[in-house]
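Undergrad: The structure that follows is given in the form of structure tokens.
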Amino acid sequence: MTQGSPLATTIVFHVGPLLVTRAVVTTWGIMTVLAAGSWLSTRYLRPEPSRRQAILELVVTGIEGQIEEVVCRDARPLLPLLGTLFIFLLTANICGVVPGIQAPTGKIETPAALALIVFLSVHWFGVRARGLLGYLGSFAQPKLIMLPLNVLSEITRTFSLMVRLFGNIMSGEFLIALVLALAGVLVPIPLMALEILVGVVQAYIFFVLATVFIGAAVGGESNEPDGAVASPATPVE
Amino acid sequence: MDAKVISIIAAAVAVSIGSIGPALGEGRSVAAAMDAIARQPEAAGTISRTLFVGLAMIETMAIYCLVIALILLFANPFA
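Going down the list, the sequences are from chains S and U.
Residue numbering for the first sequence follows our numbering, beginning at 229 and increasing consecutively.
Residue numbering for the second sequence follows our numbering, beginning at 8 and increasing consecutively.
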């Protein structure tokens, strides 16, 4: 029952006492490709853009606009973290389509690490924007009795951020593997197309939720008790 | 019955019953968003972004059930 489990990890090699899993190798591969691509494509930036630079500017300003629409303030301080998160997630979710590569987000540790980054950066941006006491005081709003609920919601929404990404990507891969085993070679192609769509949507959702959480920590409003469900619903335009 | 058989049945029940609620909820929210876009097409961008985030929130419930089922099937603490 345990072989072929979606929760199991395959270990590629050891570095001393550390086990390096396949997801980690894929993640580092994606990081190398993205970093090299970003470095190469930003070397010759000119005031009048070439075609390549125009595409690049379109991507960056598109992401910036999305962040600005959600947090309703200057998106520049949030752009490096959230933009990187979105581009990495997009690549990581889609790279499962390439033969021989498994999407690293389909293993529990990558979404866990990303959710942890979002969790920590929410507090970092919150403390930077409002000061330590002001940020801690925001947990006791609107009444002191809401304090345990607000603290609990910080933990549950991080957990659900992790589980949502992991569950969607992993279940897609699992479904494709099952259909492949049951039906044959070319049958799961429509499912893989669906999986690309799911990957893009999940990357976008992770990005928007991270933006909403950070925006709620930075802005003056109190956090919603169950994972800020209501605050993305009413972005003031 | 053996604990393994019981946990397989429990996993199937968790996914099948647990996906009813999110399915109804997602259907209602998409219908409401369609209605809103039909009434006010210029707000389509905001509505669909909000819809996606809301759908992700609703879907989380179904995914929790899926995770419970997977734990029962592959990382069962009792079998």
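For glycine and all other residues, C-beta sits at the position ideal for the given N, C-alpha and C.
By the 10 Å Cβ neighbour count, where 16 or more other Cβ atoms means buried, how is U/C72 classified, buried or exposed?
TA: Your numbering for residue 72 of chain U matches position 65 in the second sequence. Per the 10 Å Cβ criterion, buried.
Undergrad: Using a threshold of 8 Å, state whether the C-beta atoms of U/A76 and U/V12 are closer than that.
TA: If you number the second sequence from 1, residue 76 of chain U lands on position 69. If you number the second sequence from 1, residue 12 of chain U lands on position 5. Taking 8 Å as the Cβ cut-off, U/A76 and U/V12 do not qualify as a contacting pair.
Undergrad: Between S/S381 and chain U, is there a C-beta pair that is closer than 8 Å?
TA: Residue numbering aside, residue 381 of chain S sits at position 153 when the first sequence is read from its first letter. No, S/S381 does not count as interfacial toward chain U.
Undergrad: Of all the alpha helix (DSSP H) runs that stay within the bounds of the segment 357-434 of chain S, which reach a length of 4 or more residues?
TA: Those alpha helix (DSSP H) runs which fall completely within the segment 357-434 of chain S and span 4+ residues are 360-365 and 375-410.
Undergrad: Using the three-state DSSP reduction, which class does S/L273 fall into: helix, strand or coil?
TA: Here residue 273 of chain S refers to the residue found at position 45 of the first sequence. Reduced to three states, the DSSP call for S/L273 is coil.
Undergrad: Please list, in chain order, the residues of the segment 393-415 of chain S that have any C-beta partner in chain U closer than 9 Å.
TA: Flagged, chain order: F394, G395, N396, M398, S399 and F402.
Undergrad: Could you work out which residue in S/Q369, S/G443, S/M374 and S/L317 is closest to S/S349 when comparing CA atoms only?
TA: The residue given as residue 349 of chain S occupies position 121 in the first sequence. Measuring from the Cα of S/S349, the nearest candidate turns out to be S/G443.
Undergrad: Please list, in chain order, the chain S residues whose beta carbon lies closer than 9 Å to that of U/I70.
TA: Position 63 of the second sequence, counting from 1, holds the residue named residue 70 of chain U. Under the 9 Å cutoff, chain S gives S388, V391, R392, F394, G395, N396 and S399.
Undergrad: Would a check of beta-carbon distances place U/A19 closer than 8 Å to chain S?
TA: Numbered from its first residue, the second sequence carries residue 19 of chain U at position 12. Chain S contact via Cβ: absent.
Undergrad: Between the segment 46-72 of chain U and chain S, which residues of the former have a C-beta closer than 8 Å to a C-beta of the latter?
TA: If the cut-off is 8 Å between Cβ atoms, the segment 46-72 of chain U has T53, R56, T57, F59, V60, G61, A63, M64, E66, T67, I70 and Y71 near chain S.
Undergrad: Please compile the residues from chain U whose C-beta is within a distance smaller than 9 Å of the C-beta of S/I291.
TA: For the purposes of this step, residue 291 of chain S is taken as the residue at position 63 of the first sequence. The premise fails here: S/I291 is roughly 14 Å from chain U at the closest Cβ pair, so nothing lies under 9 Å.
Undergrad: Any beta carbon from chain U within less than 8 Å of S/I295's own beta carbon?
TA: Counted from its first residue, the first sequence places residue 295 of chain S at position 67. Closer than 8 Å: no.
Undergrad: For S/L375, would you say it is in contact with chain U, using Cβ-to-Cβ distances shorter than 8 Å as the test?
TA: Numbered from 1 along the first sequence, position 147 holds the residue referred to as residue 375 of chain S. Judged by the 8 Å Cβ criterion, S/L375 is not in contact with chain U.
Undergrad: Would you tell me roughly how many angstroms separate the C-alpha atoms of S/L425 and S/L361, rounded to the nearest one?
TA: Sequence index remark: in the first sequence, residue 425 of chain S carries index 197 (1-based). Sequence index remark: in the first sequence, residue 361 of chain S carries index 133 (1-based). Cα to Cα, S/L425 sits roughly 43 Å from S/L361.
Undergrad: Run through chain S and tell me which residues come within less than 7 Å of U/V74, C-beta to C-beta.
TA: As a first step, residue 74 of chain U is located in the second sequence; it is residue number 67 there, counting from the start. Going along chain S in sequence order, the residues near U/V74 (Cβ under 7 Å) are V391 and G395.
Undergrad: Where do the N-terminal and C-terminal ends of the beta strand (DSSP E) with S/V325 fall, by residue?
TA: In the first sequence, the residue the question calls residue 325 of chain S occupies position 97. Per DSSP, S/V325 belongs to no beta strand (DSSP E) and is neither H nor E.
Undergrad: Using a Cβ-Cβ cut-off of 8 Å, state whether S/F272 counts as contacting chain U.
TA: Taking the first sequence and counting its residues from 1, the one referred to as residue 272 of chain S is at position 44. Contrary to the premise, residue 272 of chain S reads as Tyr rather than Phe in this sequence. No, no contact with chain U.
Undergrad: Figure out for me which residue from U/F85, U/V20, U/I70 and U/A40 has the closest Cα to the Cα of U/F59.
TA: Taking the first residue of the second sequence as 1, we reach residue 59 of chain U at position 52. That would be U/A40, whose Cα lies nearest to the Cα of U/F59.
Undergrad: Going by Cα to Cα distance, which pick from S/D302, S/P339, S/E297 and S/R274 is closest to S/F387?
TA: Residue 387 of chain S sits at position 159 when you count from the first residue of the first sequence. Out of S/D302, S/P339, S/E297 and S/R274, S/P339 has the C-alpha closest to the C-alpha of S/F387.
Undergrad: Measure the alpha-carbon distance for U/I15 versus U/M68 and round it to whole angstroms.
TA: The residue you call residue 15 of chain U lines up with position 8 of the second sequence. The residue you call residue 68 of chain U lines up with position 61 of the second sequence. Those two C-alpha atoms are separated by around 20 Å.
Undergrad: For the segment 416-435 of chain S, which residues have a beta carbon sitting closer than 9 Å to at least one beta carbon of chain U?
TA: Going along the segment 416-435 of chain S in chain order, one finds V429, Q430, Y432, I433 and F434 with a Cβ nearer than 9 Å to chain U.
Undergrad: Taking 8 Å as the cut-off, does the segment 324-335 of chain S touch the segment 364-371 of chain S (at least 3 CB pairs, one atom from each stretch)?
TA: Contact between the segment 364-371 of chain S and the segment 324-335 of chain S is absent, because fewer than three Cβ pairs lie under 8 Å.
Undergrad: Leaving out five residues before and five after S/L342 in sequence, what residues of the same chain have Cβ atoms less than 6 Å from its Cβ?
TA: Here residue 342 of chain S refers to the residue found at position 114 when the first sequence is read from its first residue. No residues qualify anywhere along the chain.
Undergrad: Given a threshold of 16 other Cβ atoms within 10 Å of its Cβ, counted over all protein chains shown, does S/R271 qualify as buried or as exposed?
TA: For the purposes of this step, residue 271 of chain S is identified with residue 43 of the first sequence, where counting begins at 1. Result: exposed.
Undergrad: Please decide whether S/L437 counts as near chain U, where near means a Cβ-Cβ distance under 8 Å.
TA: Counting from 1 along the first sequence, the entry for residue 437 of chain S is found at position 209. Closer than 8 Å to some Cβ of chain U, the Cβ of S/L437 qualifies, so yes.
Undergrad: Could you check whether S/V248 and S/V261 sit closer than 8 Å to each other, using their CB atoms as the reference points?
TA: Taking the first residue of the first sequence as position 1, residue 261 of chain S is located at position 33. Taking the first residue of the first sequence as position 1, residue 248 of chain S is located at position 20. Not closer than 8 Å, so no.
Undergrad: Excluding five sequence neighbours on each side, which residues of the same chain lie with their C-beta closer than 7 Å to the C-beta of S/T319?
TA: For the purposes of this step, residue 319 of chain S is taken as residue 91 along the first sequence, with counting starting at 1. Here the set comprises I258 and L262.
Undergrad: Are the segment 382-401 of chain S and the segment 285-298 of chain S touching, with three or more C-beta to C-beta distances below 8 Å?
TA: Result no; under three Cβ-Cβ pairs closer than 8 Å.
Undergrad: If you run the structure through DSSP and keep just helix, strand and coil, what is S/I239?
TA: Numbered from its first residue, the first sequence carries residue 239 of chain S at position 11. Three-state result, S/I239: strand.
Undergrad: Taking only beta-carbon atoms, is S/V355 less than 8 Å away from chain A?
TA: Structure shown: chain A not included; protein chains present are S and U.
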